[in-house]
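Asks: What follows is a single structure, and I will ask about it in a moment.
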Amino acid sequence: MSERVAQGFSIRREWGRTTHLLGTIGPGVIWIVLFLVLPSLYLISVAFMTNGPYGLPQMPLTLQSFRELAGFGFLGWSPGNLYTLLRSFWQTLIATGLVILIAYPLAYYISTQPSNRRALMLLIVVVPSWTNQVIRTFGWMNLMAPDTPLSDTAAVFGLIPPQLGLFPSSFAVIVGLVYNFLPFMVLPLYAAFEKMDHDIVAAANDLYATPVRVFRHAVLPQTLPGLMAGTVLVSIPAFGMYVIPELLGGGKSMMLGNLVARQFAEASNWPLGAAAALIMILATLGGLLILRRIGRKLGGGKEVVL
Amino acid sequence: MKRSRLNRSLQVFWYLALLFLYAPLAIVVTFSFNSTNTYAKFSGFSLRWYEKLLENEIILNAFYNSAVLAITSSALATVFGTALGYGIYRYRHLQLGWLIWIIYLPIVMPDIVYGISQMTFFVGVHQLTGFLQPDLGTMIIAHISFQVPFVALLIYSRLVQMDPLLFEATQDLYARPWQRAWYFVLPTLRAALISAFFLSFTLSIDDFVISFFTAGPESTTLPIFIWSAIKKGITPEINAISTLLIVTVFTAAAISFAIQRARPAQSRSSQ
Numbered sequence: 003m004s005e006r007v008a009q010g011f012s013i014r015r016e017w018g019r020t021t022h023l024l025g026t027i028g029p030g031v032i033w034i035v036l037f038l039v040l041p042s043l044y045l046i047s048v049a050f051m052t053n054g055p056y057g058l059p060q061m062p063l064t065l066q067s068f069r070e071l072a073g074f075g076f077l078g079w080s081p082g083n084l085y086t087l088l089r090s091f092w093q094t095l096i097a098t099g100l101v102i103l104i105a106y107p108l109a110y111y112i113s114t115q116p117s118n119r120r121a122l123m124l125l126i127v128v129v130p131s132w133t134n135q136v137i138r139t140f141g142w143m144n145l146m147a148p149d150t151p152l153s154d155t156a157a158v159f160g161l162i163p164p165q166l167g168l169f170p171s172s173f174a175v176i177v178g179l180v181y182n183f184l185p186f187m188v189l190p191l192y193a194a195f196e197k198m199d200h201d202i203v204a205a206a207n208d209l210y211a212t213p214v215r216v217f218r219h220a221v222l223p224q225t226l227p228g229l230m231a232g233t234v235l236v237s238i239p240a241f242g243m244y245v246i247p248e249l250l251g252g253g254k255s256m257m258l259g260n261l262v263a264r265q266f267a268e269a270s271n272w273p274l275g276a277a278a279a280l281i282m283i284l285a286t287l288g289g290l291l292i293l294r295r296i297g298r299k300l301g302g303g304k305e306v307v308l
Numbered sequence: 015m016k017r018s019r020l021n022r023s024l025q026v027f028w029y030l031a032l033l034f035l036y037a038p039l040a041i042v043v044t045f046s047f048n049s050t051n052t053y054a055k056f057s058g059f060s061l062r063w064y065e066k067l068l069e070n071e072i073i074l075n076a077f078y079n080s081a082v083l084a085i086t087s088s089a090l091a092t093v094f095g096t097a098l099g100y101g102i103y104r105y106r107h108l109q110l111g112w113l114i115w116i117i118y119l120p121i122v123m124p125d126i127v128y129g130i131s132q133m134t135f136f137v138g139v140h141q142l143t144g145f146l147q148p149d150l151g152t153m154i155i156a157h158i159s160f161q162v163p164f165v166a167l168l169i170y171s172r173l174v175q176m177d178p179l180l181f182e183a184t185q186d187l188y189a190r191p192w193q194r195a196w197y198f199v200l201p202t203l204r205a206a207l208i209s210a211f212f213l214s215f216t217l218s219i220d221d222f223v224i225s226f227f228t229a230g231p232e233s234t235t236l237p238i239f240i241w242s243a244i245k246k247g248i249t250p251e252i253n254a255i256s257t258l259l260i261v262t263v264f265t266a267a268a269i270s271f272a273i274q275r276a277r278p279a280q281s282r283s284s285q
């Protein structure tokens, strides 16, 4: 109320408000623009530059790097990069699907617990993801190494040759991705379950609906916003994953992130790496659009919704 | 009857999920106390790998770098992020939608894109001006950029829960902006500030990719050291360092949980 009164009061007041606005959001915004937005724009521009000696970008603007990304090199066309792109898509897709399957029962179970226990249970789910990604992935390397119970079991069932480990493989990469991103799905789904109207589910049960139909018509519509938010939070970073395919996958399970990194390290072709990174940036912006649309729907048109 | 069976199987599923979530960490911690350097089986309790850590100067240096990086960046990010979150809250009636986009950018952007954009930018600026040579300083800058949005969102969400009438009361009492900040906003946000710092701290400790691409030759941190050790061939010392990092993160998590637990109880008793 008084805010609005103050608004119309005097020019001096207005001036004070402007400095106050700049003083509060100014430093943070300037910091992010200077050290995040500008570098991102620079990276995008590098994608359109020529690859100079030592892999550093040079001036004449060209689409050469995009042609190389599509596989056209000195030796003619090769499908390697496109395979990597496709593999990034399907490994992300499978991992996201598995994360959804695991997260739904977990989020539901947590939401049915007494309220004083829920926060702790959520923390238990989230804390492993706060430890360093390299360490977590190293843990899986140990679990899936040759002569471990997991590898031996897989060998007994003839899934892998005996004396070999479960990694490097696409299987190991997907396990790593599921492990890494499970909490990012459990949290938004839990938030959706917490708000859910359980009477609708009870009504469906009373009407002798089969469990599948209860889920399809009573649970899914109510948890859809959480599911979509979780899907964005899982699939976009998974698509750009670097550490997990680098450690748990071999050359045959390489993803887009590894392709990018390689251009900045061994291969020394910054424009090509930047072009591949641009695809990820576009995927990121697409994900943000979806997230924002969900936020709008949930918040009834209000701006800030987490 | 049907319901209890569902609950029973959900409970089993919950414990299986816990096994899945904690097995990779448990194996690292367990083998850090192994007396031999085999991975196949645990052959006896020993602290020899921890003793080796203390003798290794590279590791001690990496530990120092990690600590400086995490503490400095978290402190600065808490300051910037708190001001930002407060600003977004105060001016939420203005059209600041574009700001939210900028804030969400580092949260959703893949680490690798983030790290590489930082690296190309720092290298470019360094070639032009001589500033921003990749070392601990550039790593601190990069870490602050991804910590600030998380802090801002945390502070914002805490402010939204607050009674807006309290703000008007400070205005009615003619408090100057700095007085309001010092005597009202900061004390109110104390718990949120502490958990924002711990959140930033864990984000920094957790990060590998961004550090990896913004680091210089002299600024190896523990995760970077672990990474290169894994790449070169595994030594059991990695288990010991990893265990120390796991313990650090779990402690930070426990502290921030305890603080958040304590807060509602306090506000209830004061009402």
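In order, the protein sequence lines correspond to chains A and B. Numbered per this note's numbering, the first sequence spans residues 3 to 308. Numbered per this note's numbering, the second sequence spans residues 15 to 285. For every residue, glycine included, the Cβ atom is placed at its ideal position computed from N, Cα and C. Remember, it's a predicted structure, so these values are computed and weren't measured experimentally.
Under 8 Å by Cβ, that's how I've got V136/A and V245/A pegged, so tell me the actual separation to the nearest angstrom.
Replies: Sure, about 6 Å apart at Cβ, within 8 Å.
Asks: What residues are listed by DSSP as bridge partners for T52/A?
Replies: Paired residue(s): Q60/A.
Asks: Thinking C-beta only, is V180/A closer than 8 Å to G251/A?
Replies: For G251/A and V180/A, no; Cβs fall outside 8 Å.
Asks: For F59/B, name the three-state secondary structure that DSSP assigns.
Replies: Strand, per DSSP.
Asks: I'd like to check one pair, A279/A with V261/B: are the Cβ atoms closer than 8 Å?
Replies: No, the pair does not count as a contact, with Cβ atoms beyond the cut-off.
Asks: Hey, out of Y118/B, F59/B and L24/B, whose CA is closest to V43/B's CA?
Replies: That would be F59/B, whose Cα lies nearest to the Cα of V43/B.
Asks: So, under 8 Å CB-CB, Y111/A and L24/B are touching, yes? Tell me the CB distance rounded to an integer number of Å.
Replies: That belief holds up - the Cβ atoms of Y111/A and L24/B are roughly 4 Å apart, short of 8 Å.
Asks: On the DSSP bridge assignment, give the partners of F74/A in chain order.
Replies: In DSSP, F74/A forms a bridge with W79/A.
Asks: Which runs of the alpha helix (DSSP H) spanning at least 4 residues fall entirely within the stretch 210-251 of chain A, listed in chain order?
Replies: Fully enclosed alpha helix (DSSP H) runs of 4 or longer: 213-216, 222-241 and 245-250.
Asks: To the nearest angstrom, how far is it from the Cα of V39/A to the Cα of V262/A?
Replies: If I take the Cα positions, the gap works out to 19 Å.
Asks: Spell out a yes or no on whether the stretch 211-230 of chain B and the stretch 175-189 of chain B are touching, meaning 3 or more CB-CB pairs, one atom from each, closer than 8 Å.
Replies: Contact fails: fewer than three Cβ-Cβ distances are below 8 Å.
Asks: Spatial neighbours of M15/B within its chain, please: CB distance less than 7 Å, with the 5 preceding and 5 following residues excluded, ordered by chain position.
Replies: Because M15/B sits at a pLDDT of 47, beneath the cut-off of 50, its placement in the model cannot be relied upon, and the following sentence gives the value as read from the coordinates. Within the same chain, M15/B has no close Cβ partners at all.
Asks: Name the one or two DSSP bridge partners that N48/B has.
Replies: Answer is F59/B, bridged to N48/B.
Asks: Could you give the distance in angstroms between the alpha-carbon of Q274/B and the alpha-carbon of L167/B?
Replies: Roughly 16 Å between the two C-alpha positions.
Asks: So is L65/A in contact with chain B if we call contact Cβ pairs under 8 Å?
Replies: For L65/A, the answer is no, since every Cβ of chain B falls outside 8 Å of its Cβ.
Asks: Closer than 7 Å, Cβ to Cβ, to anything on chain A: give me those residues from the stretch 235-259 of chain B, in chain order.
Replies: The residues in question are P237, I240, W241, I244, I252, S256 and L259.
Asks: Going by C-alpha distance, which of I255/B, A243/B, V223/B and A266/B is nearest P124/B?
Replies: For the residues I255/B, A243/B, V223/B and A266/B, the minimum Cα distance to P124/B belongs to V223/B.
Asks: Quick one: list the residues of chain B neighbouring S42/A, beta-carbon separation under 7 Å, in chain order.
Replies: Chain B residues near S42/A: S131.
Asks: Answer yes or no: does any C-beta atom of chain A fall closer than 8 Å to that of R282/B?
Replies: Summary for R282/B: the model assigns pLDDT 40, below 50, so the residue's position carries little reliability; its value from the coordinates is reported in the next sentence. With 8 Å as the cut-off, R282/B does not count as an interface residue toward chain A.
Asks: Using 10 angstroms around the beta-carbon of P190/A, count the other beta-carbons present and answer buried if the total reaches 16, otherwise exposed.
Replies: So P190/A ends up on the buried side.
Asks: Can you name the residues of chain B whose CB is closer than 7 Å to the CB of F68/A?
Replies: Within chain B, no residue comes near F68/A; the closest Cβ sits about 17 Å away, beyond 7 Å.
Asks: Which of the three DSSP states, helix, strand or coil, is assigned to Q165/A?
Replies: The answer is coil: DSSP assigns Q165/A none of H, G, I, E or B.
Asks: Please identify, using Cβ separations under 8 Å, the residues of the stretch 74-107 of chain A that lie next to chain B, in order along the chain.
Replies: Result list: I104 and P107.
Asks: Would V263/B and I219/B be called neighbours here (beta carbons separated by less than 8 Å)?
Replies: A contact, by the Cβ cut-off of 8 Å.
Asks: For G289/A, does the three-state DSSP call read helix, strand or coil?
Replies: It is helical.
Asks: Please tell me whether L200/B has its Cβ less than 8 Å away from any Cβ of chain A.
Replies: Closer than 8 Å: no.
Asks: Looking at I102/B: is its Cβ nearer than 8 Å to the Cβ of I27/A?
Replies: In contact: I102/B and I27/A (Cβ atoms closer than 8 Å).
Asks: Is the distance from the Cβ of P191/B to the Cβ of F45/B below 8 Å?
Replies: Going by C-beta atoms, P191/B is not nearer than 8 Å to F45/B.
Asks: Taking 8 Å as the CB-CB limit, is T155/A close to chain B?
Replies: With 8 Å as the cut-off, T155/A does not count as an interface residue toward chain B.
Asks: At a cut of 8 Å, does the stretch 183-203 of chain A reach the stretch 257-276 of chain A through at least three beta carbon pairs?
Replies: Verdict: no, contact absent.
Asks: For the stretch 245-268 of chain A, which residues have a CB atom closer than 8 Å to at least one CB atom of chain B, in sequence order?
Replies: Flagged, chain order: V245, L249, G259, V262, A263 and F266.
Asks: Across the stretch 252-261 of chain B and the stretch 136-153 of chain A, are there enough close Cβ pairs to call them in contact, namely three or more that are closer than 8 Å?
Replies: Yes, they touch.
Asks: Which ranges would you report for the alpha helix (DSSP H) in the stretch 108-163 of chain A if only whole runs of at least 4 residues count?
Replies: If we require 4 residues or more, the alpha helix (DSSP H) runs fully inside the stretch 108-163 of chain A come out as 117-128, 135-145 and 151-158.
Asks: How close, in whole Å, do the beta carbons of I238/A and G289/A come, if the pair is a contact with beta carbons under 8 Å?
Replies: Yes, they are in contact, since the Cβ atoms of I238/A and G289/A sit about 4 Å apart, within 8 Å.
Asks: For G25/A, which three-state DSSP category applies?
Replies: Note: G25/A maps to helix in three-state DSSP.
Asks: Give the interface partners of P332/A over in chain B, defined as CB-CB distance under 7 Å, in chain order.
Replies: One cannot answer for residue 332/A here, as it falls past the ends of chain A, which runs 3 to 308.
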